[in-house]
Each structure stands twice: as structure tokens, then as C-alpha cells.
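One structure below.
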Amino acid sequence: MILPLTELQIPLANSAESAERDAWDREHAWHPFAQTLEREVLRPLSIARGKGCWLFDREGNRYLDGNASTWTNVHGHSEPALNEAIVEQLDRVAHSTYLGLAHDPATLLSKRLAESSPSGLEKAFYSDNGSTSVEVALKQSLRHWQLMGQSERSVIVVMEGGYHGDTFGTMALGADGPFTEPWRRWSFPVRRFKAPVCLECGGEVLHATDAESLDSLTRILQEEKGRVAALVLEPSVQGAAGMMQQPPGFAGKVEALCREAGAHLILDEVFVAFGRIGSTYVCASEGVQPDFLCLAKGLTGGYLPLAATLTTNEVFDSFTGPFHEHKTFYHGHTYTANPLGAAVALRSCELLEDRISSGAVAKTVEVFGRVVSETFLDHPRIRRIRQRGLTACLDLCPESGASFPHESRFARDACLEARERGLLLRPLGNSLPLVPPIVISDEEISFLCSTALEAIEATSY
Ligand SMILES: Cc1ncc(COP(=O)(O)O)c(C=O)c1O
0 MILPLTELQI
10 PLANSAESAE
20 RDAWDREHAW
30 HPFAQTLERE
40 VLRPLSIARG
50 KGCWLFDREG
60 NRYLDGNAST
70 WTNVHGHSEP
80 ALNEAIVEQL
90 DRVAHSTYLG
100 LAHDPATLLS
110 KRLAESSPSG
120 LEKAFYSDNG
130 STSVEVALKQ
140 SLRHWQLMGQ
150 SERSVIVVME
160 GGYHGDTFGT
170 MALGADGPFT
180 EPWRRWSFPV
190 RRFKAPVCLE
200 CGGEVLHATD
210 AESLDSLTRI
220 LQEEKGRVAA
230 LVLEPSVQGA
240 AGMMQQPPGF
250 AGKVEALCRE
260 AGAHLILDEV
270 FVAFGRIGST
280 YVCASEGVQP
290 DFLCLAKGLT
300 GGYLPLAATL
310 TTNEVFDSFT
320 GPFHEHKTFY
330 HGHTYTANPL
340 GAAVALRSCE
350 LLEDRISSGA
360 VAKTVEVFGR
370 VVSETFLDHP
380 RIRRIRQRGL
390 TACLDLCPES
400 GASFPHESRF
410 ARDACLEARE
420 RGLLLRPLGN
430 SLPLVPPIVI
440 SDEEISFLCS
450 TALEAIEATS
460 Y
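FYI, the numbering for the sequence shown is 0 to 460, going by numbering that gives the first Met the number 0.
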């Protein structure tokens, strides 16, 4: 719905109160991925309410959530069915530990995840976020090989350009850059294979090759023969790399090479699962059978921090044995499998399954792809567009066609222009990702694209 929702536009604070709270935030809160020197230019909006694809600040101004609250939101904000799932659970118990105890929301969610994911992923291990879901997979894979008497299987292989989180283990997997380099001397070594090149522009495939990438992977697997524990891949789209796409079928080819090498395949679907590429899981839609599947973000519909690492009975069974053998997986977090998170995840998965099977998500993807292409194709400030599912990324450029200098803040400035026009976006370098909630309407897609275009055109460089 595009029209203002008037009751949500009633300010929650007068201007003096608002200014005071902004000052408290400035004094006491440290925001992630934010240069503190730019704090005044990039004053964080204080979000007070949400409804559908819209967020409302404390003053009652409304904004379309064009990055789905960091790529997580599925069914919109304040969705009655999801709110109800949380409230029902809240009336029972908000949290009890999963260490030595169980509860129905996580039991039911585990069953549902096992039934809905590719066959063989029978066990779910819960943690709190995308990074920890990958950490769990890494630790389980490495320990599995030790328990199988194959400690020499200790090498981790990743694809160039990957992003798997900000913890030490996931930084080790991540691409070089300011997010990882300052901590490199504390990172464990990994082998990196080339990413495939697949540039799609407005539906036209300009260049798609996976041969070079698979050759480089084959070489590494031969050099490390018998020593590779696992390969970690973001299948289909590498989000933080700038929505870099793999040619369809690429993950299956990587899977085949992993099987041949006897190594685990860890798929990090933290970003691409739960409708983002149109299906619940990319691996299921591409017929790929991973040994580990990492899920977070959209798992709870974007409501609460909950992550799951799915794996096979074969991996699980290797951790089974008499206590004194210490095969126990010694890992867990205080809020592991939080009941509120599990309850909302369960409800969100049910709603999403209906949306996917009814064709609603496919229709949204089709409209999104068409409007992105119609709006941005051949625009002089846009060098390249990548769109797949409900992900799009615009590589911005100065009018001359050259690239922006490294220090240019053009995309950031365009986001500020967008904010002035009621649209929330976050830049990735000088690229502009468009990642809306899965339920975005046709009208809202038009607003998203036309407002992003206006913002780009209004930005000076
Ligand atoms: C593919 C992928 N893996 C892992 C993560 C890390 O997730 P979190 O920020 O929840 O730790 C992200 C975050 O964007 C991601 O895109």
C-alpha cells in the first residue's frame, strides 16, 4: 500500500524530546558499519514503527524499506500472523535454555526444516545469526573429520569475493578488504578459487563462464588431495560482493567436484534462502545436496535473531559415542533456539510456503525484474545492473562512463537523497543494492525504482 497510514504517522515524541534522544544515541550508542565522523551527515533515523514494507520514524515520517532491514524481511513489518505467533509464545515462555531442555517451537521447527530442505539434512543446530550459523558448520565439519580419524582433512576452500560474517572464523573465509584485512594475522589460512563471471544486464546475458572458476577449483582440490575438509559457498548470488551472480547450475558443478574430492559442501544461504531468489532454498531449486546448509536472516521473516545450521545424520552420528570419548559437540549459545524466534520462524515458513506455491513470489520477482530493467537500463549513471529474484544491484558511475574514484561517496549521497524522498537504501561501495521485502507490491516496486532513480539523478558528484 502506497497511501499514508495516518495512525502510524502520529509523532511519538515532540521535537525537543526527539532532539534529546538523538543526543543520547550520539553520546552512548556505537552503530555498526558507521564512520563516526560522518554521524552528523548520516544521522541515524530513529525508527519507531513498521507496517508492511514501510518503516516510520519517531516523527511519523514514512520510508519504504528498500533493503528489507539488512536483507532479512520477508512478510513485511508488523505482520499480524507473525506478531500473533510471538505473542502466543510470549504468553507461554519467552526463553528457556536449549542446553539440556527442549521446547515445542524448536522441535516443530527442526522437523519442518528437515522436511522442507533437500533430503538428508535431518538435523538442525541453532545459533543466533548468519555468522554463527557458518561458524557452527565449520566447527562441525572440521571436528567430523577428526572423529572419523581423518584429521588431515583440515583445509577450507572458499570462493573469491565471499562474505560469511564478521566473527573471526567467518572473516577468515571472507574476501580481502577493509572488513577483514586489519585482522588477517589472526585468521586461519584458506584456499580461494576464482568466482565465475556472469554479468546479466536487463535480462541479456553479456558474458557467462564458469570454466575458469571450475578449473581453478579443480586445481586446488588436486593440490590439496585428501586434505580438504569443506568448501564454503554462497550459492547463486554473493550478496555483499555486490549481488554477484553465478551462472545457473554452477552450485551443482561445485557439488560434483566436492563429492569427487570427498569434501563437505557448506552452502551459506543466509542471504539467498526464504524467497530472496524466488524459492525457499536455492539448493533445493537447483537440485544440490549440501552437507551443511546455513540459514539465518529470513528464517524468522526478519523478526528475531535466530539461525540454523542443517546437517546430515552421517555428520551427527560421528559425534555420537560414550561420554569419555569426548565426541560431544562442545558448542552452544545462551539463546540457542530461543522459543520466540523459533515460534515466529515456524509461522513465517508456513506463510512463505503458501506464497511460493501460490505463485505470488514468482509474480513479484517477474514484476521486480521488469521494472528494474525498464527504470535503470541504459541510464548514463548506471554502468551495470544485476538482478536475480528479489535482489538487484546498480553499479553507479559518473556521467563520463568512467568509474568513481575510490574515495567518492556518490552511492552514499544517493541513499541520503533517497531517504529525503521516503526510501531507505544502503550503499555497497559505489553500488546501490535494491533488496525489498519479499511481499513488496507492484505499486511499491514502482515507488522503489522511480525514487531510487530520482535520488541518483539528484546526487551531485
Ligand atoms: C551470505 C551471508 N552469510 C553470512 C552473513 C552474516 O550474517 P549476520 O550478519 O547475521 O551475522 C551475511 C550477512 O549479510 C550474508 O550475507
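A virtual CB, placed ideally from N, CA and C, is assigned to each residue, including glycine. From a predicted model like this one, the values you see are computed outputs, not experimental measurements.
Practice prompt. Grab the span of the alpha helix (DSSP H) containing cysteine 293 for me, first residue to last.
Written response: Run containing cysteine 293: none in the alpha helix (DSSP H); it sits in the beta strand (DSSP E), 291 to 294.
Worksheet item: Which residue spans inside the region 43 to 71 form an unbroken alpha helix (DSSP H) run of at least 4?
Response: Complete alpha helix (DSSP H) runs here, min 4: 67 to 70.
Worksheet item: Mind checking whether histidine 76 and proline 436 have CB atoms under 9 Å apart?
Response: In contact: histidine 76 and proline 436 (Cβ atoms closer than 9 Å).
Worksheet item: So is the beta-carbon of glutamate 324 under 8 Å away from any non-hydrogen atom of ligand 1?
Response: Flag unset: Cβ of glutamate 324 not near ligand 1.
Discussion item. Based on DSSP bridge pairs, tell me the residues matched to aspartate 267.
Written reply: Answer is Cys293.
Worksheet item: Rounded to whole angstroms, how far is the Cβ of valine 360 from the Cβ of arginine 354, which I believe are closer than 8 Å?
Response: That belief holds up - the Cβ atoms of valine 360 and arginine 354 are roughly 5 Å apart, short of 8 Å.
Practice prompt. Determine the closest residue to leucine 41 out of Phe291, Ser215 and Leu423, with distance taken between C-alpha atoms.
Written response: Comparing Cα positions, the closest option is Leu423.
Fill in: Simplified DSSP assignment, three categories, for leucine 447
Assignment of leucine 447 by DSSP, reduced to helix, strand and coil, places it in the helix class.
Worksheet item: Relative to the alpha-carbon of alanine 401, which residue among Gly320, Asn429, Cys414 and Ala391 has its alpha-carbon at the smallest distance?
Response: Per the Cα distances, Asn429.
Discussion item. In the DSSP output, what is tyrosine 125 paired with across the bridge?
Written reply: Beta bridge pairing from DSSP links tyrosine 125 with Ala307.
Worksheet item: Less than 8 Å between the CB of asparagine 312 and some heavy atom of ligand 1, yes or no?
Response: Using a cutoff of 8 Å, the CB of asparagine 312 does not count as near ligand 1, since none of the ligand's heavy atoms is closer than that.
Practice prompt. Check whether the Cβ atoms of methionine 242 and threonine 390 lie closer than 9 Å to each other.
Written response: Going by C-beta atoms, methionine 242 is nearer than 9 Å to threonine 390.
Worksheet item: By Cβ distance, which residues of its chain are closer than 6 Å to isoleucine 265, with the 5 residues on each side in sequence left out?
Response: The beta carbon of isoleucine 265 sits closer than 6 Å to the beta carbons of Ala136, Ala229, Val231 and Phe291 from its chain, once the five residues preceding and following it are set aside; these are given in chain order.
Discussion item. One question on the structure: do arginine 61 and leucine 11 come within less than 9 Å of each other, judged by their Cβ atoms?
Written reply: Arginine 61 is not a Cβ neighbour of leucine 11, given a cutoff of 9 Å.
Item to complete: Below 8 Å on the Cβ atoms is my guess for valine 434 versus phenylalanine 273; work out the distance and round it to an integer in Å.
Response: Beta-carbon to beta-carbon, valine 434 and phenylalanine 273 are separated by about 12 Å, too far to satisfy the 8 Å threshold.
Discussion item. Can you determine whether any heavy atom of ligand 1 sits closer than 8 Å to the C-beta of serine 430, and answer yes or no?
Written reply: Not under cutoff, so the answer is no.
Worksheet item: Helix, strand or coil for aspartate 412 per DSSP?
Response: The three-state secondary structure of aspartate 412, taken from DSSP, is helix.
Fill in: Beta carbon of histidine 102 nearer than 9 Å to that of proline 304
Not in contact: histidine 102 and proline 304 (Cβ atoms no closer than 9 Å).
Worksheet entry | Candidates Ala283, Gly238 and Trp185: closest to arginine 385 by CA position | Looking at Ala283, Gly238 and Trp185, the one whose alpha-carbon comes closest to that of arginine 385 is Gly238.
Worksheet item: Buried or exposed: which applies to tyrosine 329, given that a residue is buried once 16 or more other Cβ atoms fall within 10 Å of its Cβ?
Response: Its Cβ having fewer than 16 others within 10 Å, tyrosine 329 is exposed.
Fill in: Three-way DSSP call (helix, strand, coil) for histidine 163 in this model
DSSP places histidine 163 in coil when its eight states are reduced to three.
Worksheet item: Which of the three DSSP states, helix, strand or coil, is assigned to threonine 333?
Response: Coil.
Practice prompt. With distances taken Cα to Cα, identify the nearest neighbour of phenylalanine 318 among Leu141, Gln8 and Gly129.
Written response: Considering only alpha carbons, the answer is Leu141.
Item to complete: To the nearest angstrom, report how far apart serine 14 and tryptophan 144 are at their CA atoms.
Response: If I take the Cα positions, the gap works out to 60 Å.
Worksheet entry | leucine 452, DSSP secondary structure in three states | In the three-state DSSP reduction, leucine 452 falls in the helix class (H, G or I).
Worksheet item: Taking the C-alpha atoms as reference points, what is the distance between glutamate 464 and tyrosine 125?
Response: In the structure as shown, the chain begins at 0 and stops at 460. Residue 464 is therefore absent and cannot be evaluated.
Worksheet entry | 7 Å Cβ shell around glycine 201 - same chain, five flanking residues per side excluded | Its pLDDT being 43, under 50, glycine 201 is placed unreliably in this model, and the coordinates cannot settle the point.
Worksheet entry | Rounded Cβ spacing between serine 17 and arginine 57 (contact assumed at less than 8 Å) | At roughly 5 Å, the Cβ-Cβ gap stays under 8 Å, so serine 17 and arginine 57 are in contact.
Fill in: Where glycine 176 falls: helix, strand or coil (DSSP)
Residue state, collapsed to three classes: coil.
Worksheet item: For the beta strand (DSSP E) that contains valine 343, what are its first and last residues?
Response: Going by DSSP, valine 343 is part of no beta strand (DSSP E) but of the alpha helix (DSSP H) stretching over 338 to 356.
Discussion item. With a threshold of 8 Å (Cβ to nearest heavy atom), would glycine 129 be considered close to ligand 1?
Written reply: True, at least one ligand heavy atom lies under 8 Å from that Cβ.
Worksheet item: DSSP state of aspartate 377, grouped into three classes?
Response: Note: aspartate 377 maps to coil in three-state DSSP.
Worksheet entry | At least 3 beta-carbon pairs within less than 8 Å: the region 449 to 456 vs the region 276 to 292 | Fewer than three Cβ pairs drawn from the region 449 to 456 and the region 276 to 292 lie within less than 8 Å of each other, which leaves the two stretches out of contact.
Worksheet item: Among residues of its own chain, excluding the 5 on either side of serine 284, which ones have a beta-carbon nearer than 6 Å to its beta-carbon?
Response: Only Ser278 meet the Cβ criterion.
Worksheet item: Mapping DSSP to helix, strand and coil, what is arginine 387?
Response: Three-state result, arginine 387: strand.
Worksheet item: Is the Cβ-Cβ distance between glycine 225 and glutamate 151 less than 9 Å?
Response: Their beta carbons are under 9 Å apart, which means glycine 225 touches glutamate 151 by this criterion.
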